[in-house]
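Okay, structure first, notes after.
Residue numbers (the working numbering), protein chains in the order written: chain A, 136 to 564; chain B, 136 to 564.
Structural data, given as structure tokens:
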């Protein structure tokens, strides 16, 4: 059964932050590899876009800009894809799997959109294709879902899985600063990219939630099925009110298995101060899971960065090496053996925080309350404060309501002259 | 490669809380097993001490009080040992492994004291012997240490791994009640056993820390090497002072890999209010880990109970089933490939919280400070309060100090007439 290779060769695709981290980590762990995998581990090739660029830390001799050189090298056992993006990464992975190589990847874009292609190919050819680093950096989440928690019916996942937005919201909460200022600070510190769209609009978190949902619920969920709403509309006032009510605002990826289908969405949410996710600040990530046997589990750690992400990739590489040695690659498939429908956002149910700027005259509160009531929205808490001479600020927290009903009520408010502005709409845990 | 069994048979040893939970969980998960493991899963036998006792929930036909019936049944693929205690569990496990069966166990006593025997046998015979449920119930910790975190040099583990003591300390902290009263309440609610020694003296936590250390540091650590100190001396005053200083008192299992060896101990500790472990209350467990690549990771969840523990056992059973199907049992060995010495408590270094009742007269503080200084103990913070007409309460927090030096200073205090009582000695994070 035991292959007993003396050396296992890998190729790394991409020499960026994570690629560099993995390269260094392999160098550092080299002396222990024979004990861990019964073989030495060698980085035989690193694929880069340009050979002209200086790559400090890399051995020049392993660099190549020619994918065919890797693909056609029968001595390369494992391809570690860290280029990101859909193409050419997707093509390379499929070609590598077909050529008999095992694959480790951290590519959430690819997995959340083209999972059927890459995972299907891995399954068809009996290869390993594993991707712990695609979600929540160093935090073990994909493997626990597949193994330690496999005896559960998982019904809920809530995750802070985007460090950039968590940094911005944490800063806003700590200092009272507005969104634009906090974003500028995050950009300056390198926490936000020059084009922060994928982070602040919730797309990055949405991809990670799609991947976790597929594995947890055993039913394929892809990124286009995830409802996403970012943090760009969150104001200092929203955060102040949330605090006053005992809540913290976080950008959460939420996936729930209900009797009527899967709910899967990313949006800002008010969560109670004492919830295990409320204390997760700055660039940390955390995932909260609920299963029928295990009850609640929270996993917390670094969601990004050179070495934390490399740590997850390295765990996958070691796992694949062990599988190669024992001849059991392809042992864990994607396991989407169910076919559960994904609900539209309108079919989901949520509690809402609603902040309205209204005309300050008698009867307005009654009007607003009537609109909510007519649309089946029940009020849990309401606070009214004077805003200026002619207007008042009305803050409502609702009971759980069908999203469609709530959005109908908002449409009515939009057409009412007494409602000057719908200033804030945020879901509540 | 693929064994392709149509059915996998297991025997459960023990029909107590966890055994019952596993039995029910297997019934519940039955419809999904073909998708998960490519086979059905059958509980063929359950070993009980007495067949006379009523076992609601169990099929009478599977119950047996005869171990040989299980051992000699070639159709039983997996033995799930949930009896607890060293014997006869140890003998049964060794016999099962030799007879070609794979073993899942939750037996921390056995693993922390006779690991060399049972794990050695598994390795010699190439069997699976896995035990996620032995530490921290439903929380995935053993498997992540072996797989997801395998690319790290783990240097620190700090865990709240005993629910009973965490419940008692949480109650004391919330209500201001004393230790005896909180223990009585825990006993009444079923959180503490009739003889709570193993919990309140830190033995249970010590066993779990020994197991985690062996796997994290790749060097065998057994329970007798763990320094243990329980919570029986913690008073309401200690907790009040800790709060005043911004700390919470928790019973922690601590294991550190230092340049001079492994530190491994269980004792109460003052941890800062904002540390991820401080918020872990009641019967919850949590483990904080630090590795050179992953940085800090905290895993939190239910550490005990019928279904949370069964969840961990079930994850192990599913893992073993997959290994059986792929012919790769014994794939992950205990991996104690290093031989690192364990330091005595005197060689360890700690910060201390020290509460003394002293005579209230001039020069006493100077005396006390001199004794600390002479023994190399540097003071970080000191508070003196009047206690009664003739005595004062002196509370000191020290800088990190060699435990031997600190204990020498305590010996001096013991012989000083101005020191009426050493009222509290607790380590500080």
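Note that beta-carbon positions come from the ideal geometry of N, C-alpha and C, so glycine has one too.
Note that the structure is a prediction, hence the values are computed from the model and not measured.
DSSP three-state assignment for residue i, whether helix, strand or coil
i              : result
residue 157(B) : helix
residue 394(B) : coil
residue 540(A) : helix
residue 165(A) : helix
residue 274(A) : coil
residue 231(B) : helix
residue 499(B) : helix
residue 440(B) : coil
residue 99(B)  : Any answer about residue 99(B) is impossible in this case: the structure gives chain B only from 136 up to 564.
residue 238(B) : strand
residue 250(A) : helix
residue 525(B) : coil
residue 212(A) : strand
residue 348(A) : helix
residue 141(B) : coil
residue 289(B) : strand
residue 514(A) : strand
residue 294(A) : strand
Per-residue burial, residue i [other beta carbons within 10 Å of its own, 16 or more giving buried]
i              : result
residue 524(A) : exposed
residue 289(B) : buried
residue 550(A) : exposed
residue 334(B) : buried
residue 409(A) : exposed
residue 521(A) : exposed
residue 170(B) : exposed
residue 454(A) : buried
residue 203(A) : exposed
residue 444(B) : buried
residue 222(A) : exposed
residue 515(B) : exposed
residue 226(B) : exposed
residue 158(B) : buried
residue 201(B) : exposed
residue 275(B) : buried
residue 314(A) : buried
residue 497(B) : exposed
Identity of the residues DSSP links to residue i by a beta bridge
i              : result
residue 509(B) : Note: residue 509(B) sits in no beta bridge, so no partner.
residue 431(A) : 425(A)
residue 382(B) : 407(B)
residue 180(B) : 146(B)
residue 473(A) : 354(A)
residue 312(B) : According to DSSP, which records beta bridges pairwise, residue 312(B) is partnered with nothing at all.
residue 487(A) : 562(A)
residue 400(B) : 362(B) and 389(B)
residue 557(B) : 491(B)
residue 519(B) : 529(B)
Contact test: residue i Cβ vs the ligand ATP heavy atom, cutoff 7 Å
i              : result
residue 506(A) : Ligands in the displayed structure: none, and consequently the ligand ATP is not present.
Proximal residues of chain D, C-beta to C-beta of residue i below 9 Å
i              : result
residue 537(A) : No chain D appears in the structure shown, which is made up of the protein chains A and B.
message: Check whether the stretch 476-492 of chain A and the stretch 397-414 of chain A are in contact - that is, three or more C-beta pairs closer than 8 Å.
response: Two segments are said to touch when three or more pairs of C-beta atoms, one from each, lie closer than 8 Å; by this definition the stretch 476-492 of chain A touches the stretch 397-414 of chain A.
task: May I ask you to verify whether the stretch 136-149 of chain A touches the stretch 454-470 of chain A, counting CB pairs closer than 8 Å and requiring at least 3?
output: Short answer: they touch.
The stretch 313-331 of chain B in contact with the stretch 180-198 of chain A per 3-pair CB rule at 8 Å: Judged by Cβ distances under 8 Å, the stretch 313-331 of chain B makes no contact with the stretch 180-198 of chain A, as fewer than three pairs qualify.
- prompt: Of the residues that make up the stretch 267-299 of chain B, which ones have a beta carbon closer than 7 Å to any beta carbon in chain A?
  reply: Those residues of the stretch 267-299 of chain B that come within reach of chain A (Cβ to Cβ, closer than 7 Å) are 267, 273, 274, 275, 278, 279, 282, 283, 284, 285, 286 and 287.
- request: Would you check if there are 3 or more beta carbon pairs closer than 8 Å linking the stretch 418-438 of chain B to the stretch 422-433 of chain A?
  value: With three or more CB-CB distances shorter than 8 Å, the stretch 418-438 of chain B counts as touching the stretch 422-433 of chain A.
message: Three Cβ pairs or more, each shorter than 8 Å: is that satisfied between the stretch 179-187 of chain B and the stretch 160-170 of chain B?
response: Segments in contact, no.
message: Does the stretch 256-270 of chain A come into contact with the stretch 247-265 of chain B, if we say contact requires no fewer than three beta-carbon pairs (one atom in each stretch) closer than 8 Å?
response: Using a C-beta cut-off of 8 Å, the stretch 256-270 of chain A makes no contact with the stretch 247-265 of chain B, since fewer than three inter-stretch Cβ pairs fall below that distance.
- prompt: Which residues, in order along the stretch 344-358 of chain B, keep a beta-carbon less than 9 Å from a beta-carbon of chain A?
  reply: Hits within the stretch, in order: 353.
field: the stretch 341-350 of chain A in contact with the stretch 302-313 of chain A per 3-pair CB rule at 8 Å
entry: With the cut-off at 8 Å, the stretch 341-350 of chain A and the stretch 302-313 of chain A do not touch.
message: Is it the case that the stretch 543-561 of chain B contacts the stretch 502-518 of chain B, given that we only count it when at least three CB pairs across the two stretches are under 8 Å?
response: With the cut-off at 8 Å, the stretch 502-518 of chain B and the stretch 543-561 of chain B touch.
field: Stretch pair the stretch 345-358 of chain B + the stretch 274-294 of chain B: three plus CB contacts closer than 8 Å
entry: Result yes; three or more Cβ-Cβ pairs closer than 8 Å.
message: Under 9 Å, CB to CB, which of the residues in the stretch 445-460 of chain A have a partner in chain B?
response: Using a CB distance below 9 Å, the part of the stretch 445-460 of chain A facing chain B consists of 445, 446, 447, 448, 449, 450, 451, 452, 453, 454, 457, 458 and 460, ordered along the chain.
query: Given a limit of 7 Å on CB to CB distance, which residues of the stretch 430-444 of chain B reach chain A?
result: Listed in chain order, the positions of the stretch 430-444 of chain B with a beta carbon within less than 7 Å of a beta carbon of chain A are 430, 431, 432, 433, 434, 435, 436, 437, 442 and 443.
- request: Give the residues from the stretch 145-171 of chain B that approach chain A closer than 7 Å (Cβ to any Cβ), ordered along the chain.
  value: Under the 7 Å Cβ criterion, the stretch 145-171 of chain B contributes 160, 164, 170 and 171.
query: Do the stretch 372-390 of chain B and the stretch 321-328 of chain B make contact, defined as three or more Cβ pairs closer than 8 Å?
result: Output reads no: the stretch 321-328 of chain B does not touch the stretch 372-390 of chain B.
- prompt: Looking at chain B, which residues of the stretch 242-262 of chain A have a Cβ within less than 9 Å of any of its Cβ atoms?
  reply: Correct list: 261.
field: Interface positions of the stretch 408-422 of chain A facing chain B (Cβ-Cβ less than 8 Å), listed along the chain
entry: So the close ones are 409, 411 and 414.
message: Give me the subset of the stretch 302-320 of chain A whose CB atoms are less than 9 Å from a CB atom of chain B, sorted by chain position.
response: Of all residues in the stretch 302-320 of chain A, none has a Cβ within less than 9 Å of some Cβ in chain B.
- prompt: Going along the chain, which residues of the stretch 467-484 of chain B sit with their C-beta nearer than 9 Å to a C-beta in chain A?
  reply: From the stretch 467-484 of chain B, only 467, 470, 472 and 473 have a Cβ closer than 9 Å to chain A.
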